[in-house]
Amino acid sequence: MIILYNLEEHINVFTKGVKMYNSRKFPAIILILVLFLFVGCEKKVEKPINQTDTTKGQVDTITANGKVDSTAIKDSIAKAQQFVGTWTGSFEGRNATLKITQQNGDEFKGNISIKYREAINQQVSGKIDREKKRFTMRDLAHARTMGTYSGKLNDDFTKMSGTFTMTAEKTSVSFNLSKKK
Numbered sequence: 000m001i002i003l004y005n006l007e008e009h010i011n012v013f014t015k016g017v018k019m020y021n022s023r024k025f026p027a028i029i030l031i032l033v034l035f036l037f038v039g040c041e042k043k044v045e046k047p048i049n050q051t052d053t054t055k056g057q058v059d060t061i062t063a064n065g066k067v068d069s070t071a072i073k074d075s076i077a078k079a080q081q082f083v084g085t086w087t088g089s090f091e092g093r094n095a096t097l098k099i100t101q102q103n104g105d106e107f108k109g110n111i112s113i114k115y116r117e118a119i120n121q122q123v124s125g126k127i128d129r130e131k132k133r134f135t136m137r138d139l140a141h142a143r144t145m146g147t148y149s150g151k152l153n154d155d156f157t158k159m160s161g162t163f164t165m166t167a168e169k170t171s172v173s174f175n176l177s178k179k180k
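As numbered in numbering that gives the first Met the number 0, residues 0 to 180 make up the sequence shown, in order.
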């Protein structure tokens, strides 16, 4: 209440002074002040100064006529970024399914299921090397059957093949998986 009373008192003093000065200019002055207030309060959008260049470190393909063809590299990167999904195939001759559920840049996470007498299900995390078209992966849960996976990807990043090495026994088996569309 005190604030409103003080504000009202200030407005009364101001308006008496303006009326004494010139009663016709008062509405124009108020209008100008209100317009200045709204025009001066325009919301501005700032552009970020530093933006990360996602193609840094990528080698462009040079065509036969000597021109740079960055389209092939960009297509390859886009396909590698679509690593998330379901991959099916064989693991030591048994049915296997790899579900990649998360991908952040070159790193991914998911789970793999292999149909032995008793199905094996393991959480995995891995990394893609886009330039070499290779990948590595490891089991996250500690179990007797845990191990590491490594292998290669085809040109359009829809097939992977490699070997799984069991950590405890140091035995290796091969696997082949294809991405479902």
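Quick reminder that beta carbons are idealized off the backbone N, C-alpha and C, glycines included.
Query, Result
"What residue from SER177, ASP154 and GLY146 has the CA that sits closest to ALA167's CA?", "GLY146"
"Quickly, what does DSSP pair TYR115 with across the bridge? List them, please.", "Paired residues: none, contrary to the question."
"Write down the C-beta distance between GLN121 and ASN110 rounded to the nearest angstrom, noting that I regard them as a contact closer than 8 Å.", "6 Å"
"Could you check how far apart the C-beta atoms of THR87 and LYS179 are, in whole angstroms? I think they sit under 8 Å.", "6 Å"
"Check whether the Cβ atoms of GLU91 and VAL172 lie closer than 8 Å to each other.", "yes"
"Per DSSP, which one or two residues make a beta bridge with LYS180?", "Its beta-bridge partners do not exist; DSSP assigns none."
"Using only alpha-carbon positions, find the residue among ALA140, LYS169, PHE134 and THR85 that is nearest to GLY161.", "PHE134"
"Entirely within the stretch 112-168 and at least 3 residues each: give me those beta strand (DSSP E) ranges in chain order.", "119-128, 133-138, 146-152 and 158-165"
"Should TYR115 be labelled buried (16 or more other beta-carbon atoms within 10 Å of its own) or exposed?", "exposed"
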